[in-house]
Amino acid sequence: MTTEERSAALMRVYHFADSKLKETLKNPELTLKLLALAREAGVEDGCDKAVGNLLYETAGKFPAGALEHRAKLCAVIGNGELKKKEQLIEAFNYFKNLKGDFNEDAFKATAGIGLEVTDDQIVEAIRALIGEREEEIKERGTWVWMDLFKVLKDRFKFHQKEARELLEKEFGPMPKGKEPARAKPTDAAAVEEARKKEEREREERKISLNESIKLHAPRDNPFCKKRPELLEKHLRETGGRVVTRFPPEPNGYLHIGHAKAMNLNFGYAKRNGGWCYLRFDDTNPEKESQEYIDSITDSVRWLGHEPYKVTHAADYFDQLYEFAKELIRRDKAFVCHQTADEMKAGRQARRETGVPHPSPWRDRPIEESLRLFEDMRMGKFKEGEATLRMKQDLTSHNPCLWDHVAYRVKFVPHPHAGDKWCIYPSYDFTHCICDSIENITHSLCSLEFEVRRESYEWVLDALDIYRSPQIEYSRLNITYTVMSKRKLIQLVDEKYVTGWDDPRLLTVNGLRRRGYTPESINAFCERVGVTRTFNMQDYELLEECCRQDLEVRADRAMVVLNPLRVVLTNYPEDRVEDRAMPVHPDPAQNRGTVAIPLSRVVYIDRNDFRLEDSPTYYRLAPGKEVRLKYAYNIRCTQVIQDADGNVTELRAEVDLANTNKPKGNIHWVAQPAPGVEPMAMEVRIYDRLFKSRLPEGTKEEPKNFLDDINPDSLHVIRGALANPHLRSAKLYDRFQFEREGYFVVDKDSTEDHLVWNRIVTLKEDKLKDAKQ
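Counting along the sequence shown from 1, when you hit position 494 you're at 494 in UniProt numbering, and nothing is skipped either side.
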């Protein structure tokens, strides 16, 4: 193809300006890519500029790891099914996260292809929102506009332009400027009402779970249309309620990803008047223990969730065994003698050649398999000598249908079932049947289980029992951490952390010990929402949810982390007076005050003193005056230094009349009695465990997460000083140490030695260095 022909071909599709065309032709690689995209889209003879723009965007941003599927995206751009940039972004996300084979239905659902939304539907949603916000609109007027638009943006993400235009038409244009501050309520009843109102508003602003992952009503189970009698039986047993389950494996401790799953399963059932099981998927006794079962149960309840029932897969072992025999009777399962390596080799050969590699025992007579399966149960086979395999579909593109194991021999006692069994069912056989037995209406799981959905459905259909729809959502990922259970185990086993409850880990136990509240964790889970798109959340959002909760919840205290002695030379040596410090700065909280002693010797933080003053420095310096918070002004009159020039003590004069109003306020702790030193404590300052946002790197550039460990993730301060009232603090009591951050009492504390963990810094800390 000549340069002129390439130029003409590009112009037919991409409608370049002359300068852009010349620039593109200078890049042969880009030119060839653009022409290839036009061929894949079937628009070589020309197309609208909008189609060309989408193809040009595809040239630069299509995920490199999924190039084999690029033609599928180009085809829907070329035929006009994918029309908008918002759809294109979601399509990129689909291919970026694609594991396994391409699924056309999932792709189209993710990219909003075929999703029809009319103006009438958007208008109806707007009017419903206005009706729901009637009281708020009366109070705030058109300032509610942006809140309304946020809800519409989430609900109609592929029709944001239309939603904006119709919102302006129905509600008026977006107001300009800044919303006037609303007066704060002053009495306790008004404060409580305001709090409830904020909760309602936050709930309303959340994306509807039904809309984000399209959940059905229990009566509308799409898999029971051909077997209405199964659905009617299910509805009689549940009363038509939503029934979910949180199904952890008891082979480790829970992390914040599990907290999100709990929030979804328990929360969705509760909001819809249903119930949620806590069910342990305990099918692998070698890795499970009562320790993990107890820890998981405790974490679920600590986060505020009350299960309808606590069950175990082991509770159903008798039924599962009967279901397995029924599969054999229906010629849907067989006893196999292939080793694990032989099965693995057969599957690998299937991948490489496309030709099924069945087990030599796949066509074993039904009666023989029934007899041998009973022999397995009676312990007549050694481990690895026999398995029960499902007779699925070896021609399927999905490896999860290549005759997976249903039962295997294991001479290991079970933490819940004891030593009754020497054969144990597999997850793929067990999980779906337990969902059916418990009448689960929504089998919610993370996207990694999407590839196993066909196996899930195959088992239930093969047994002709009630089928719960499996619905996947994206797993939670957070910057500056790892979420893989295998990697968490490695961090614990190799002593990079002190244990599963190390406050640097985002395990539930670690967060609890760090001082996070259940409310703050649940608020975080609600804010990240539930979608099918890749879900990487900033660590800062988790911290902010914690701050917002502790700002209201935590009492205040003054603690000096790095003490510098100050002698108030004109304060009487034998005088001690109590100064009143508010327990909480918001008067509406009405929490009263606490008495803190002031005497001749006080301690301030070393960071609050400089030998050289400056106009922008508002703390203590030689000859300068500052306010001791909740007390008096002091002026530094003398600096005492050691032979190396280190400041060891300050002398200051106190102004008992507080004649001036200095710009600086500093916190302090005084001797509670003449010659008696303040209470000393240990304070642990935790930072993030990893140095970079993505410790594991990216798909394109992976890295060893252990190389990213932050060597300064823990700093221990011994000798921090506190006021006497903190002596009565108990385990998990939380305080804001003024100007330092939020802290919690650690389990390592004793009656004579308090240990505190920093939960999270104050917002102002980001500006601290700049102010100094």
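Where a beta carbon is used, it is the ideal one built from N, C-alpha and C, also for glycine.
Are the CB atoms of residue i and residue j nearer to each other than 7 angstroms?
i	j	result
N757	P503	yes
R553	Y571	no
S455	L401	yes
V760	C546	yes
N665	K629	yes
F92	K72	no
G257	R475	yes
L550	Y742	yes
V144	R127	no
E740	R718	no
I137	L166	no
L264	V459	no
G112	F158	yes
P250	Y292	yes
N272	V242	yes
F735	N97	no
By DSSP, does residue i sit in helix, in strand, or in coil?
i	result
T659	coil
G42	coil
D578	strand
L689	coil
H258	helix
W458	helix
E677	coil
K145	Before going further, note that residue 145 is Trp rather than Lys in the sequence given. Here W145 sits in helix by DSSP.
A8	helix
A770	Per-residue confidence for A770 stands at a pLDDT of 33, beneath the threshold of 50, marking its modelled position as unreliable; the derived number appears in the next sentence. Reduced to three states, the DSSP call for A770 is helix.
R627	strand
H414	strand
C47	coil
Y321	helix
G240	coil
D605	strand
L394	coil
V528	helix
So the candidates are the options; which of them puts its Cα closest to the Cα of residue i?
i	options	result
K703	L611, A340, K691	K691
F524	A38, E104, K260, A64	K260
K391	N398, I89, D363	D363
E306	F449, R219, L628, C276	C276
R377	T481, E322, H416	E322
L754	K763, V744, L762, V760	V744
Y686	V497, R329, I596	V497
V117	R140, E135, P587, R155	R155
R408	Y466, E383, R579	E383
K663	N633, D644, F449	N633
T698	L372, A64, C47, E135	A64
L731	V716, D748, E738	D748
G274	K287, W302, E519, E237	E237
CB-CB under 8 angstroms to residue i, same chain, minus the five flanking residues each way: which ones, in chain order?
i	result
F609	L564, R619, L620, A621, C636, V647, L650
D331	I366, K391
Y603	V560, P563, L564, R565, V566, W668, V669, A670, P678, L721
L30	T24, A59
V51	V13, A41, V43, I77, G78, G80
L215	L209, Y268, H442, I471
Using only the heavy atoms of the ligand NAD, determine whether one of them is closer than 6 angstroms to the beta carbon of residue i.
i	result
W756	Annotation note on the ligand NAD: not contained in the displayed structure, which lists no ligands.
Apply the 10 Å Cβ neighbour rule to residue i and answer buried if 16 or more other Cβ atoms are within range, or exposed otherwise.
i	result
S19	exposed
N590	exposed
M558	buried
T244	buried
E543	buried
G177	exposed
Skipping 5 residues on each side, what residues in its chain have a beta carbon closer than 6 angstroms to that of residue i?
i	result
R279	R245, P247, T311
H725	V594
A729	V745
S295	Y253
M536	N477
A174	The displayed chain sequence assigns Met, not Ala, to residue 174. These residues qualify, in order along the chain: W145.
L230	C224, Y466
C336	S359, W361, T387, R389
K49	H15
Below 7 angstroms CB to CB, which residues in the same chain sit around residue i once its five sequence neighbours on both sides are set aside?
i	result
Y427	D281, T283
T2	none
D492	The identity of residue 492 in the sequence shown is Val, whereas the question assumes Asp. Around V492: G499, W500.
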